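K.L.:
Sharing a structure here in C-alpha cells format.
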Amino acid sequence: MHVVVTGGSSGIGLEVARAYAARGAQVSLIARDPVRLEAARQAIESVSSSTAHVFTASADTGKDDELSSALAACEAAFDLCDILVASAGVVEPGWFYAQQADVFDAQWQTNFSGVINTVRKVYPGMRARGEGRIMIVSSAAAFIGLPAYSAYCASKAALVGFADALRLEAVGTGVSVGICFPPDTDTPQLQRELQARPKEAELLMGQIRPRPAGEIAARIVRGIDRRSARVYFTASIAALALFGPIARPFIEIWYRFQTRR
0 MHVVVTGGSS GIGLEVARAY AARGAQVSLI ARDPVRLEAA RQAIESVSSS TAHVFTASAD
60 TGKDDELSSA LAACEAAFDL CDILVASAGV VEPGWFYAQQ ADVFDAQWQT NFSGVINTVR
120 KVYPGMRARG EGRIMIVSSA AAFIGLPAYS AYCASKAALV GFADALRLEA VGTGVSVGIC
180 FPPDTDTPQL QRELQARPKE AELLMGQIRP RPAGEIAARI VRGIDRRSAR VYFTASIAAL
240 ALFGPIARPF IEIWYRFQTR R
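Under numbering that gives the first Met the number 0, the residue at position 187 of the sequence shown is numbered 186, and the numbers go up by one with no gaps.
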C-alpha cells in the first residue's frame with residue numbers, strides 16, 4: 000500500500016505518515032523544505048520497524064510543475080498512490096485591510112489550489128483502477144468566519160464544497176473522498192500562528208487546549224479506514240457544521256456585544 004502525504008514534514012501530516020509507516024505501508028512525504036523532509040524521514044524510520052519504507056520529495060503543492068515531478072518520483076519509488084492525505088496548509092493571521100495581497104494569495108494557493116492540484120493528479124488513476132482513498136484536511140475554521148483569518152477561513156471552507164462534489168462524482172467508482180476538520184492542534188505552525196492571533200479572534204476561538212497531533216492523526220487514519228465522508232473530532236465542531244447556519248447570526252450578535260464592552 001502506497002500512502003502519499005502532503006505537508007508530511009511536520010505536524011498532522013508527519014503523524015499520519017508515522018501511523019501508516021508503523022503499519023508497514025510505503026509512505027511518501029511531500030513538502031517544501033527538503034531539510035525538514037529528511038528530518039521527518041529519519042524520525043519515522045527511527046521509531047518504526049526495520050521494514051519501514053519512506054520516500055521524500057520536495058515540492059510546493061501550489062506549483063503544478065513541482066508537484067508533478069514530486070508525485071512522479073514518489074510513484075516511481077513505490078508504485079501508484081493508493082491513499083492520499085492532503086494535509087499541506089498554511090495560516091497567516093492578519094487584518095484583511097492591512098494584509099499584503101501576496102500573503103493572502105499564498106494561503107489560497109496552498110490551502111485550496113494545492114489540494115486541488117494534488118487530488119487532480121492521483122484521482123484519475125484511482126478511478127481507472129476502481130480503488131483509492133482520499134482524505135482532505137480542512138479545519139474547524141471552515142464553518143465560521145474569524146476576524147483576521149479571512150484567507151484561511153475562505154480557503155478551508157472552499158475545500159468543503161470541493162470534497163462534497165467530488166465525493167458524489169466518485170460514487171460507484173471504488174474511490175472514497177473524505178474531509179476532516181481538526182481543531183487547534185499542537186504543531187510548530189500553531190506556535191507561530193499564536194504569536195500573530197489577535198484578541199478578537201481569540202474571543203471566538205476561546206482558550207481550548209490544543210489537541211496533540213498524534214491524536215488527530217489517529218482519528219484521520221481511522222476515518223480513512225472507515226471511508227468516512229467527514230471527520231469532526233469534537234462534538235462542538237460537529238454541531239457547528241450541522242447547525243452553523245442557524246447559530247452564526249447569534250454568534251455574531253454576541254461577538255459585536257463583546258467587542259463593544
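Glycine included, C-beta positions come from ideal geometry on N, C-alpha and C.
These numbers were taken from a predicted model, which means no experiment stands behind them.
Buried or exposed for Y151, going by 16 or more other Cβ atoms inside 10 Å?
P.N.:
So Y151 counts as buried.
K.L.:
Taking contact to mean at least 3 C-beta pairs separated by less than 8 Å, is the segment 5-13 in contact with the segment 30-42?
P.N.:
Contact holds: three or more Cβ-Cβ distances are below 8 Å.
K.L.:
Along the chain, where does the alpha helix (DSSP H) that runs through Q257 open and close?
P.N.:
Segment 234-259, the alpha helix (DSSP H) holding Q257.
K.L.:
So within the segment 110-153, which uninterrupted beta strand (DSSP E) runs reach at least 3 residues, ignoring any that extend past its ends?
P.N.:
Counting whole runs of 3 or more residues, the segment 110-153 contains the beta strand (DSSP E) stretches 131-136.
K.L.:
Do G243 and V174 count as a contact pair if the criterion is CB distance below 9 Å?
P.N.:
No, these two residues do not count as a Cβ contact at 9 Å.
K.L.:
Are the beta-carbon atoms belonging to L165 and I133 less than 9 Å from one another?
P.N.:
Yes; because the gap between Cβ atoms is below 9 Å, this pair is in contact.
K.L.:
Taking all protein chains shown into account, decide if P187 is buried (16 or more other Cβ within 10 angstroms of its Cβ) or exposed.
P.N.:
That one is exposed.
K.L.:
Could you tell me whether the Cβ atoms of V26 and I219 are closer together than 9 Å?
P.N.:
No. Outside cutoff.
K.L.:
Please classify A141 as buried or exposed, where buried requires at least 16 other C-beta atoms within 10 Å of its C-beta.
P.N.:
Answer is buried; the Cβ neighbour count reaches 16.
K.L.:
Taking its Cβ as the centre, do 16 or more other Cβ atoms sit within 10 Å of S137, making it buried, or is it exposed?
P.N.:
By the neighbour-count rule (16 or more Cβ atoms within 10 Å), S137 is buried.
K.L.:
Report the CB separation of T117 from L66 in whole angstroms; it is logged as a contact under 8 Å.
P.N.:
With a Cβ gap of about 6 Å, T117 and L66 count as contacting.
K.L.:
Which same chain residues end up closer than 7 Å to F111 when comparing Cβ atoms and leaving out the 5 residues on each side of it in sequence?
P.N.:
So the list reads S154, A157, L158, once near-sequence residues are dropped.
K.L.:
What are the start and end residues of each continuous beta strand (DSSP E) run of 3 or more residues lying completely inside the segment 59-100, in chain order?
P.N.:
You should have 82-85.
K.L.:
Using the Cα positions of E192 and A147, report the straight-line distance between them to the nearest angstrom.
P.N.:
Rounded to whole angstroms, E192 to A147 spans 11 Å at the Cα level.
K.L.:
Could you name the residues of the same chain whose beta carbon sits closer than 8 Å to that of L239, not counting the 5 residues immediately before and after it, in chain order?
P.N.:
Same-chain partners within the cutoff: A139, F142, I143, A246.
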